[in-house]
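One structure below.
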Amino acid sequence: MKHHIVSVKTYLAIFLVLMVLTALTVYVAYIDFGHGLLNDLIAMTIAVVKAMCVLVIFMHLKYSAKLLWLIAGSSVVWLIVMVGLTLTDYRSREWMESQLHRAIEWQANPPAEQPAHPGLH
Amino acid sequence: MSDSKPSYLAHHFDHLEQQKQSATLGIWLFLITEVMFFGGLFLGYIVYRGLYPEAWHTGSEKLNVILGAINTVVLIFSSLTMALAVHGAQTGSRKKTANFLLATIILGSIFLGIKAIEYHAKFFPTTDYNLIPGANFSYPAAYADQMQLFFSFYFTMTGMHAIHMVIGIGILIWLYVKALQGTYHENYYNPVEVTGLYWHFVDIVWIFLFPLLYLIGRH
């Protein structure tokens, strides 16, 4: 089996793309998009594109066996499980507590024309 | 089985292709354990940033964005020279392999040097506050304790990244010596390829560290 050899030209092109994206991520970091989350979203999108460039070309994933795609992809899956499940806990705690608090209040002091159970909003 | 087995084919492999695929598979499996290792640090960062956004914002402002950006360029450049070292081996150019390995070692060392300058500025501050987590930490804000947490993450994450770089440079020096002896050529360059994959991975970690640590407090 002959291995695909990535040309020097391709490496240089990817390097240029990475340089431009680095400059771009610094530039947009100084722009206030009004909502902080939007800045994060843009920064992370650029970082993911840069990482993909490195993975696919520098790390030869494009020309590698499908098994390596599966392994590289599985790390992303496990990362999403770890971060995702942890955040469902941390990001819902305040809400859960406030709802619980409301429910207790309603039970102790049910308003006259309202159902006894507040339900979740 | 023949006696014509080349010296660079380990005895437990049938042929070079099998040996190469085993090496690549092995390093990729190692790299996904690294993804989960750094992933844990990133997760801690995400959780606490969600809880203490103000402290993260101010902490980020206290990092040197110019040195951070220069280091990003240096590290990506070192990834290019690493890729070209592998390319040199693939095309049988032993001199090119050795030279690009040396370039990667130099660029990696420049990265660590700049990182050392940044650390030094934090450890010997000229400001009236001290950002090293521990007994001497001080910052004039109500959320100083939370900022201490930010800097704990900063030093742990960049420190772990730097340790990976030191290990990488160590391996590269060994490869450079071997490359000078002509060990690697178009039929055998697994160590160069595998080290390259590790080096690019360390580059990817920095690609995420740079915006998350240096850039979040700029707008």
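Line by line, the protein sequences are chains A and B. Counting from 1, one number per residue, gives the positions in the first sequence under my numbering. Counting from 122, one number per residue, gives the positions in the second sequence under my numbering. No residue lacks a Cβ here, since even glycine has one placed at the ideal position from N, Cα and C. Owing to the predicted nature of the structure, the values given are computational and were not obtained by experimental measurement.
task = Kindly list, in the order they appear in chain A, the residues whose Cβ is closer than 8 Å to that of R339 of chain B.
result = On the second sequence, residue 339 of chain B is found 218 positions in, with the first residue counted as 1. Within chain A, the residues near R339 of chain B are A29 and Y30.
task = Identify every residue that forms a DSSP beta bridge with Y309 of chain B.
result = Here residue 309 of chain B refers to the residue found at position 188 of the second sequence. Per DSSP, B:H306.
task = Output yes if chain A places a C-beta closer than 8 Å to the C-beta of G147 of chain B; else output no.
result = If you number the second sequence from 1, residue 147 of chain B lands on position 26. For G147 of chain B, the answer is no, since every Cβ of chain A falls outside 8 Å of its Cβ.
request  = Grab the span of the alpha helix (DSSP H) containing F221 of chain B for me, first residue to last.
outcome  = Taking the second sequence and counting its residues from 1, one reaches residue 221 of chain B at position 100. Where F221 of chain B is concerned, the enclosing alpha helix (DSSP H) stretches over R215 to F244.
7 Å Cβ shell around V17 of chain A - same chain, five flanking residues per side excluded = The sequence position of residue 17 of chain A within the first sequence is 17, counting from 1. Closer than 7 Å at the Cβ level, and outside the excluded window around V17 of chain A, lie C53.
Neighbourhood of L188 of chain B by C-beta distance below 7 Å, restricted to the same chain and skipping five residues each side = In the second sequence, residue 188 of chain B corresponds to position 67, counting from 1. Taken in chain order, the residues that qualify are I235, I238 and E239.
inquiry  = In this structure, how does DSSP classify N257 of chain B when only helix, strand and coil are distinguished?
reply    = Along the second sequence, one-based indexing puts residue 257 of chain B at 136. N257 of chain B: coil per DSSP, three-state reduction.
inquiry  = Tell me which residues of the segment 191-212 of chain B have at least one Cβ-Cβ distance to chain A shorter than 9 Å, keeping chain order.
reply    = T193, V194, I197, F198, S200, L201, M203, A204, L205, V207, H208, Q211 and T212
ask   = For the candidate residues A:K62, A:P110 and A:A23, whose alpha-carbon lies nearest to that of I46 of chain A?
value = Reading the first sequence from its first residue, position 46 is the one you call residue 46 of chain A. The shortest Cα separation from I46 of chain A among A:K62, A:P110 and A:A23 belongs to A:A23.
query = Over what stretch of residues does the alpha helix (DSSP H) that includes P174 of chain B continue unbroken?
reply = Translated into the one-based positions of the second sequence, residue 174 of chain B becomes position 53. From DSSP, the alpha helix (DSSP H) with P174 of chain B extends over P174 to E182.
ask   = If you measure from the beta carbon of Q139 of chain B to each beta carbon in chain A, is any gap under 8 Å?
value = For the purposes of this step, residue 139 of chain B is identified with residue 18 of the second sequence, where counting begins at 1. Chain A contact via Cβ: absent.
inquiry  = Quick check: A13 of chain A and A29 of chain A, are their CB atoms within less than 8 Å of each other?
reply    = The count along the first sequence starts at 1 and reaches residue 13 of chain A at position 13. The count along the first sequence starts at 1 and reaches residue 29 of chain A at position 29. Not a contact, by the Cβ cut-off of 8 Å.
query = To the nearest angstrom, how far is it from the Cα of M157 of chain B to the Cα of L330 of chain B?
reply = For the purposes of this step, residue 157 of chain B is taken as residue 36 along the second sequence, with counting starting at 1. For the purposes of this step, residue 330 of chain B is taken as residue 209 along the second sequence, with counting starting at 1. Rounded to the nearest angstrom, the two C-alpha atoms are 15 Å apart.
request  = Check each candidate in A:I57, A:R102, A:D40 and A:N109 and name the one with the smallest Cα separation from L201 of chain B.
outcome  = Sequence index remark: in the second sequence, residue 201 of chain B carries index 80 (1-based). Nearest C-alpha to L201 of chain B: A:I57.
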